[in-house]
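**Q** Would you mind keeping the following structure in view while I ask a few things?
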């Protein structure tokens, strides 16, 4: 795992997006293995069923083995490939007290106040 | 089996006590914190074990411990492929959007899923559409889980004398109350006990209590499953033996017949559901109670099950006590797929009583591998958990924990209930009882009947951990997304506290009222609601988090596109088959078409609609 102190939206967005595509790739690999193997070796078997470790071979090689590998890959990916970032929105505010569009960044004193600001912006729009 | 039922009652009482204790502790921990954030999201403070186990337990609803074992029992090893998509559920459902969703939610100060979308686009309309759809689909889900809670409890306590006394008292007390008197008294008692327990601890402890009880429930489920796996493998003589015997089995035949006695009785005689009758032309099990009226020799026609596997017939003949009862068969319905075929329980697509393509046609297998991980990623109850973790390290370690947890639970369940198919014939008459009955059987046979209580607590824990989460999701949608965000943004904390408690109680009460007489198609409604929620929220949420050009209009289009595709296919299915089941276009699960519909609607709206606001892009990207 790499740790990043960069808490900007762009940094978190970029690393999350990269992880997003990797996760889809891992899902695709599991899909191809499980569905492909079981389609070829697990459907409508005519001959006496072959066993591996007490279970039908198609289930062992087509489901249990990829499941084990998927678990290992998930752990490896989460522990070593996903980046850490500070998530707190306060941490993402620039130090100069301006937000990203140059307006003074004002921390709302209450939820109601914050919502009313949003409502007025919607009204303005 | 009175000793087992007593154990179940004691287990349930002890279990409920611990749940209330956790709610009290959660309530104390919440003291001094801002109420709404604490009640609906636990102040975004949860660590690895809390996040991992609440995520795992919420996902593993009653279906995992009642419906899934029943399916394994009925269809055999093909369920390994059916559930195969779960191998990537933790990674996909937590990793795909978890980090980014949590960050955006913090930026918007959002506590709910609709609020994230509302804040992301600074649009009340987006929030209101999301809230409406969430409440619509979620309420169906809530109904189903309340019903499952009542059913499971009534199954567990069925033979307990104290429970039967309570049933007769409640039955006579409610016999004149309209609507309520239509419910079976035993189900009514269990539903009320279950609902009151859940509503009280959710109201008292809020999200923190829900998460803490989920942690306990997650541990109960794991321990129960592992114990049952060990006992099952030991009693069946190893997995190889179980699979070989399974390979020799042929599916039973459902049918209708009358029960005859060789001598007329002076009084009415009832023959219980589940009674075995062995005779020269076969071995039968009654699928419902038969009654022979006084002075007659024959009952009305009842549902029966005929065993067709030779080795089972031989075993059963040696165990069934001789009696004067005989079955005269009126009609037998062989399985549509797999009748008379050896090997169907150990290969795909698996036997099926009603589907001529078998249980798991290839297109269905593909669909489920897509549905499990992406359907889980799109569930608002899971997304809410992704708003609650305190840092990204928590998310990463939770993915690790849940991956291992699911691997153990689901693979163990497959092996255990394939063994159950061999050890306990005839459960096709009531497949949902497979789990509690098998727990009872393996513990009694092993000489440890007290252990049944621990095992049967697992499905109960699973249902409870789902109900509490859904209850809070619906309540938060009303209090936070409608009242606080749209009606009264300056409401005092005292008022919000009162409103949150009242809404949670009212939503729970309404759900109980509805499921007193659950609609016929309730199981289908669960499928409808699960697919609908994921179809509605997944694509708009993913695009909102990752695509700079995404707009509020496109989010609304995506939600409506997914929902309308889902409704359209459901209506098409109803018109086509006359059943409340969606049409499977090209043999694929409607969820896949829903996602395509949602994506198409979102992307088209972005391409032809107004550009995304620069200030929003700057804020979130």
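Residue numbers (the numbering used here), protein chains in the order written: chain Z, 838 to 962; chain E, 928 to 1548. Backbone N, C-alpha and C fix where the C-beta goes; we use that ideal spot for every residue, glycine too. Predicted model, so just to flag it, every value in this text is computed and none were measured.
Which two residues bound the contiguous alpha helix (DSSP H) that contains residue 1414 of chain E?
**A** Residue 1414 of chain E sits at position 487 when you count from the first residue of the second chain. Unbroken run through residue 1414 of chain E: none, as it is neither H nor E.
**Q** Consider the Cβ of residue 888 of chain Z: report whether some Cβ of chain E lies at a distance smaller than 8 angstroms.
**A** Against the first chain, residue 888 of chain Z aligns to sequence position 51. Yes, contact with chain E.
**Q** In three-state terms, what does DSSP make of residue 1357 of chain E?
**A** For this step, residue 1357 of chain E is matched to residue 430 along the second chain. Coil.
**Q** Note down the Cα distance separating residue 1406 of chain E from residue 1429 of chain E, rounded to an integer number of angstroms.
**A** Here residue 1406 of chain E is taken as the residue at index 479 of the second chain, counted from 1. Here residue 1429 of chain E is taken as the residue at index 502 of the second chain, counted from 1. When rounded, the distance between both Cα atoms is 10 angstroms.
**Q** Are residue 867 of chain Z and residue 1015 of chain E close, meaning C-beta to C-beta below 8 angstroms?
**A** On the first chain, residue 867 of chain Z is found 30 positions in, with the first residue counted as 1. On the second chain, residue 1015 of chain E is found 88 positions in, with the first residue counted as 1. Taking 8 angstroms as the Cβ cut-off, residue 867 of chain Z and residue 1015 of chain E qualify as a contacting pair.
**Q** How about residue 876 of chain Z: is its C-beta nearer than 8 angstroms to some C-beta of chain E?
**A** As a first step, residue 876 of chain Z must be located in the first chain, where it is residue number 39. Interface residue, yes.
**Q** Using CA coordinates, which residue listed in E:1348, E:1443, E:1424 is at the minimum distance from residue 1173 of chain E?
**A** For the purposes of this step, residue 1173 of chain E is identified with residue 246 of the second chain, where counting begins at 1. Ranking E:1348, E:1443, E:1424 by Cα distance to residue 1173 of chain E puts E:1348 first.
**Q** Is the CB of residue 1553 of chain E under 8 angstroms away from at least one CB in chain Z?
**A** A question about residue 1553 of chain E goes unanswered here, because the residues of chain E that appear run from 928 up to 1548.
**Q** When the Cα of residue 1164 of chain E is compared with those of E:1263, E:1464, E:1293, E:1346, which residue comes out closest?
**A** Here the question's residue 1164 of chain E lines up with position 237 in the second chain. Cα-wise, what sits closest to residue 1164 of chain E is E:1346.
**Q** Quick check on the DSSP output: the alpha helix (DSSP H) that includes residue 1224 of chain E runs from which residue to which?
**A** Counted from its first residue, the second chain places residue 1224 of chain E at position 297. Taken as a continuous stretch (DSSP letters only), residue 1224 of chain E belongs to no alpha helix (DSSP H), as it is neither H nor E.
**Q** Reducing DSSP to helix, strand and coil, say where residue 918 of chain Z ends up.
**A** Sequence index remark: in the first chain, residue 918 of chain Z carries index 81 (1-based). DSSP places residue 918 of chain Z in helix when its eight states are reduced to three.
**Q** Using beta carbons (cut-off 8 angstroms, strictly below), is residue 882 of chain E in contact with chain Z?
**A** Residue 882 of chain E lies beyond the range of chain E shown here (928 to 1548); nothing can be said about it.
**Q** What in chain E is Cβ-close to residue 894 of chain Z, meaning under 8 angstroms?
**A** Position 57 of the first chain, counted from the first residue, corresponds to residue 894 of chain Z. What residue 894 of chain Z touches in chain E: nothing, since even the nearest Cβ is about 10 angstroms away.
**Q** Would you call the region 1329-1338 of chain E in contact with the region 1298-1311 of chain E, where contact means no fewer than 3 C-beta pairs closer than 8 angstroms?
**A** With the cut-off at 8 angstroms, the region 1329-1338 of chain E and the region 1298-1311 of chain E do not touch.
**Q** Just the chain E side, please: which residues come within less than 7 angstroms of residue 898 of chain Z by C-beta, in chain order?
**A** Residue numbering aside, residue 898 of chain Z sits at position 61 when the first chain is read from its first letter. Chain E residues near residue 898 of chain Z: none, gap ~11 angstroms exceeds 7 angstroms.
**Q** For residue 1424 of chain E, which residues of its own chain have a beta-carbon under 6 angstroms away from its beta-carbon, when the five flanking residues on both sides are left out?
**A** As a position in the second chain, residue 1424 of chain E is number 497, starting the count at 1. Correct list, in chain order: 962.
**Q** Closer than 8 angstroms, Cβ to Cβ, to anything on chain Z: give me those residues from the region 1271-1282 of chain E, in chain order.
**A** Cβ contacts with chain Z come from 1273, 1274, 1275, 1276.
**Q** Inspect the CB distances between the region 1280-1291 of chain E and the region 1431-1443 of chain E and report whether three or more fall short of 8 angstroms.
**A** The region 1280-1291 of chain E is not in contact with the region 1431-1443 of chain E.
**Q** Which residue spans inside the region 1036-1064 of chain E form an unbroken alpha helix (DSSP H) run of at least 4?
**A** If we require 4 residues or more, the alpha helix (DSSP H) runs fully inside the region 1036-1064 of chain E come out as 1040-1048.
**Q** Using a cut-off of 7 angstroms between C-beta atoms, extract the partners of residue 1167 of chain E located in chain Z.
**A** Translated into positions along the second chain, residue 1167 of chain E becomes position 240. What residue 1167 of chain E touches in chain Z: 888, 891.
**Q** Within a Cβ cutoff of 6 angstroms, which residues of the same chain sit near residue 1319 of chain E, ignoring the five residues on either side of it in sequence?
**A** Taking the first residue of the second chain as 1, we reach residue 1319 of chain E at position 392. Once the five neighbours on either side are set aside, the close Cβ partners of residue 1319 of chain E are 1026.
**Q** Please list the partners that residue 879 of chain Z has in chain E, where partner means a Cβ-to-Cβ separation under 7 angstroms.
**A** The residue given as residue 879 of chain Z occupies position 42 in the first chain. Near residue 879 of chain Z (Cβ distances below 7 angstroms), the residues of chain E are 1008, 1274, 1275.
**Q** Answer with yes or no whether the minimum CB distance from residue 1525 of chain E to chain Z is below 8 angstroms.
**A** Here residue 1525 of chain E refers to the residue found at position 598 of the second chain. So no, residue 1525 of chain E is outside the interface.
**Q** Give the single residue among E:1186, E:1036, E:1242, E:1288 whose Cα lies nearest to the Cα of residue 1251 of chain E.
**A** To locate residue 1251 of chain E, count along the second chain from 1; it is residue 324. The candidate whose alpha carbon is nearest that of residue 1251 of chain E is E:1186.
**Q** Would you list the residues sitting across from residue 1182 of chain E in a DSSP beta bridge?
**A** Numbered from 1 along the second chain, position 255 holds the residue referred to as residue 1182 of chain E. According to DSSP, which records beta bridges pairwise, residue 1182 of chain E is partnered with E:1231, E:1259.
**Q** Give me the Cβ distance between residue 1547 of chain E and residue 1031 of chain E, rounded to the nearest whole Å; I'm assuming they're in contact under 8 angstroms.
**A** As a position in the second chain, residue 1547 of chain E is number 620, starting the count at 1. As a position in the second chain, residue 1031 of chain E is number 104, starting the count at 1. So it is a contact: roughly 6 angstroms between Cβ atoms.
**Q** Could you name each continuous alpha helix (DSSP H) segment of 4 residues or more that falls completely within the region 1108-1168 of chain E, going from the start of the chain to the end?
**A** Taking only runs of at least 4 residues, the alpha helix (DSSP H) segments lying wholly in the region 1108-1168 of chain E are 1112-1163.
**Q** Judging by CA-CA distance, which residue of E:1076, E:1499, E:1455, E:1409 is the nearest neighbour of residue 1113 of chain E?
**A** Position 186 of the second chain, counting from 1, holds the residue named residue 1113 of chain E. Of E:1076, E:1499, E:1455, E:1409, the residue nearest in Cα terms is E:1076.
**Q** Are the Cβ atoms of residue 1018 of chain E and residue 1326 of chain E separated by less than 8 angstroms?
**A** Residue mapping note: residue 1018 of chain E aligns to position 91 of the second chain, counting from 1. Residue mapping note: residue 1326 of chain E aligns to position 399 of the second chain, counting from 1. Closer than 8 angstroms, so yes.
**Q** Under 8 angstroms, do residue 1219 of chain E and residue 1188 of chain E count as touching if we go by C-beta distance?
**A** Mapped onto the second chain, residue 1219 of chain E falls at position 292. Mapped onto the second chain, residue 1188 of chain E falls at position 261. It is a contact, given that the beta carbons lie within the stated cut-off.
**Q** Opposite residue 1197 of chain E in the DSSP bridges: which residues?
**A** Stepping through the second chain from its first residue, residue 1197 of chain E is reached at position 270. DSSP, once it has assigned bridges, lists E:1218 as partnering residue 1197 of chain E.
**Q** Do the region 1197-1215 of chain E and the region 1246-1264 of chain E meet, that is, are 3 or more Cβ pairs less than 8 angstroms apart?
**A** Counting Cβ pairs under 8 angstroms, three or more are found: they touch.
**Q** Going residue by residue through the region 863-920 of chain Z, where are the continuous alpha helix (DSSP H) segments of at least 4 residues, counting only ones entirely within it?
**A** The region 863-920 of chain Z contains these whole alpha helix (DSSP H) runs: 902-913.
**Q** Less than 7 angstroms between C-beta atoms, sequence neighbours within five positions excluded: which residues of the same chain meet that for residue 888 of chain Z?
**A** On the first chain, position 51 is the one that residue 888 of chain Z refers to. Correct list, in chain order: 894.
**Q** Please state the DSSP three-state secondary structure of residue 1530 of chain E.
**A** Within the second chain, numbered from 1, the residue matching residue 1530 of chain E stands at position 603. In this structure, residue 1530 of chain E counts as helix in the three-state DSSP scheme.
**Q** With a cut-off of 8 angstroms, do at least 3 Cβ pairs link the region 1135-1142 of chain E to the region 1389-1401 of chain E?
**A** Result yes; three or more Cβ-Cβ pairs closer than 8 angstroms.
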